[in-house]
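Report on the following structure.
There are 2 protein chains.
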Amino acid sequence: MVKRRVETMEENRRRLIAAARRAFAEKGYAAASMDDLTAEVGLTRGALYHNFGDKRGLLAAVVEQIDMEMASRAQEIGARAGDGWQGLLAEGAAYIEMALDPEVQRIVLLDGPAVLGDPSQWPSQSGCLQATRQTAERLIAQGVLKPVDPEAAARLLNGAALNAALWIAASDEPQHVLPKAIEAFGALAAGLLKTSA
Amino acid sequence: MVKRRVETMEENRRRLIAAARRAFAEKGYAAASMDDLTAEVGLTRGALYHNFGDKRGLLAAVVEQIDMEMASRAQEIGARAGDGWQGLLAEGAAYIEMALDPEVQRIVLLDGPAVLGDPSQWPSQSGCLQATRQTAERLIAQGVLKPVDPEAAARLLNGAALNAALWIAASDEPQHVLPKAIEAFGALAAGLLKTSA
DNA sequence: AACTTGACATACCCTGCGTATGTGATGTAT
DNA sequence: ATACATCACATACGCAGGGTATGTCAAGTT
């Protein structure tokens, strides 16, 4: 019963973030009301501004959480497919499929950049980007990929995957265009291979 | 002096759009005040809601204008570099460089998708996307590119270019990373070539 | 010349963010 | 043990900004 104080505080933070994930995903950042959001978990805006500073701070916390979940999941899937070229492809495909989640799209891919600015400047520094960069660095060191800038490669690969996901999500028949997107992604990524050099 | 009515109306529309371009670019969509914006050109919000319906409508009009400018410019540059593989590369590079413009970034690449949704659903249907798709279709028909889905190719290429631009813009030394980005873009795009098939 | 239309202005309401201040419970010092 | 300090959160207020209902005056019509 000694540390009861910080426990309830962390509990409240978790609940606020969870409520924010739902609200931001459903209504979008701009349309989400902080009053409704906090009332939903039995608190008021006072708790929110005390814990996160302002509305943007709450979004940042939500984005960081989702981003970390995505990065670890993508790395896990990539690692399971091998530590070479196949791993990178699997990582990209995983990223595309995760970006199909409306929550991810709305919060991390649309509102996130618009409100918080460039992902690489985020406090979490975009775990997905870092993960892809590390994979690229390894493959370049192994001589699998051309000696391009790893940061550039990661950026463009993630960008391609992101837009593929947005395309699929907006499509009428997602299951039909998904393989096309993954095929095109594989072709693009193959351009980084050292074979033709 | 007969059609004086529609003339001044179109004049006002142009001025509102011009003012909105400035305001949205400088402050971002959310922070741009419609009162300030309209007063800047000697009008009130009444004119705005009459012409564009709501704030989103004004953004849509601005986005459409910029998008059209970008598409025609990219196509022109691409055509000047030839109608083959070099044309596609030049078009992509042009897209990257245009996306370095803060106005383009803020309005078309960040706030646009966040507020209006997926670019392909826009009334202008994203001229840039269409232009790239047509180029891809032509090159596939010529047998220069692998027979991937042209829509997919255009989406991923544009996505890669967009993220390259965001990266460069957020960088400390844009002139230093720009060549890296273009090199990586070229490598990626080369993955679409039919050579290895 | 009377009437209608329409482009825009004016005035109002309401939502929602941020902040200043209050309060009660938890931890600390004497 | 009691007085004090802290802190997490609630309450209350100000204010900006978007949308809408209504007014107005000039341009066009008959």
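Each protein sequence line maps, in turn, to chains A and B.
Numbering-wise (full-length UniProt numbering), the first sequence opens with residue 1 and increments by one.
Numbering-wise (full-length UniProt numbering), the second sequence opens with residue 1 and increments by one.
Yeah, the Cβ is synthetic: ideal placement off N, Cα and C, and Gly gets one too.
The alpha-carbon separation between residue 181/B and residue 58/A amounts to approximately 33 Å. Here residue 43/A carries a coil assignment [DSSP, helix/strand/coil].
At the C-beta level, residue 96/A and residue 161/A come within 9 Å of one another. Across the set 174/B, 82/B, 48/B, 164/B, the C-alpha of 82/B shows the shortest separation from the C-alpha of residue 138/B. Judged by DSSP secondary structure, residue 115/B falls within the alpha helix (DSSP H) whose first and last residues are 112–116.
A residue is called buried when at least 16 other Cβ atoms come within 10 angstroms of its Cβ; residue 175/B does not meet this threshold and is exposed. In terms of Cα proximity to residue 39/A, the closest of 29/A, 23/A, 52/A, 28/A is 23/A. Residue 178/B sits in a helix when the DSSP states are folded into three classes. Contact fails between the stretch 84–95 of chain B and the stretch 15–34 of chain B, because fewer than three Cβ pairs, one in each stretch, are under 8 Å apart.
Within the model, the alpha-carbon separation for residue 64/A versus residue 64/B is close to 33 Å. Straight through space, the alpha carbons of residue 61/A and residue 118/A are spaced by roughly 16 Å. Using a Cβ-Cβ cut-off of 7 Å, residue 67/A is close to nothing in chain B; its nearest Cβ partner there is about 16 Å away.
Cβ proximity to chain A below 9 Å picks out 151, 152, 153, 155, 156, 157, 158, 159, 160, 161 from the stretch 150–161 of chain B. Taking every protein chain shown into account, the CB of residue 46/A has fewer than 16 other CB atoms within 10 angstroms, so this residue is exposed. Sequence-distant Cβ neighbours of residue 106/A in its own chain, meaning closer than 7 Å and more than five residues away, are 24, 25, 28. Linking residue 171/A to residue 177/A through their CA atoms gives a straight-line distance of about 8 Å. Around the beta carbon of residue 151/B, a 10 Å sphere encloses 16 or more other beta carbons of the protein chains shown; the residue is thus reported as buried. With respect to the C-alpha of residue 69/A, the residue from 86/A, 44/A, 101/A having the closest C-alpha is 101/A. Around the beta carbon of residue 111/A, 16 or more other beta carbons sit within 10 angstroms, so the residue counts as buried. An exposed status is given to residue 79/A, since fewer than 16 other beta-carbon atoms sit within 10 Å of its beta-carbon. By the rule that beta-carbons nearer than 9 Å mark a contact, residue 71/B does not touch chain A.
Using a CB distance below 7 Å, the part of the stretch 119–149 of chain B facing chain A consists of 120, 121, 146, 148, 149, ordered along the chain. Of the candidates 41/A, 35/A, 7/A, 33/A, 41/A places its Cα closest to the Cα of residue 15/A.
Inclusion of residue 192/B and residue 145/B in the CB contact set at 9 Å is warranted, their separation being smaller than that value. When DSSP states are grouped into helix, strand and coil, residue 100/B belongs to the coil group. Within chain B, the C-beta atoms nearer than 9 Å to that of residue 113/A come from 109, 110, 113, 114, 166, in chain order. Interface with chain A (9 Å Cβ-Cβ cutoff): residue 28/B is included.
Nearest to residue 99/A by C-alpha distance, out of 44/A, 74/A, 115/A, 32/A, is 74/A.
Remark: C-beta atoms of residue 184/A and residue 148/B approach each other more closely than 9 Å.
In this structure, DSSP gives residue 145/B an extended state, which the three-state scheme calls strand. Ranked by Cα distance from residue 53/A, the options 13/A, 173/A, 66/A are led by 13/A.
When the Cα atoms are used, residue 8/A and residue 168/A turn out to be separated by approximately 41 Å.
Residue-level contact check: residue 189/A touches chain B, since one or more beta carbons of chain B fall below 9 Å from its beta carbon.
DSSP lists 145/A as the bridge partner or partners of residue 193/A.
A straight line joining the alpha-carbon of residue 36/B with that of residue 115/A spans about 21 Å. Between residue 126/A and the set 72/A, 33/A, 194/A, the nearest pair of CA atoms involves 72/A.
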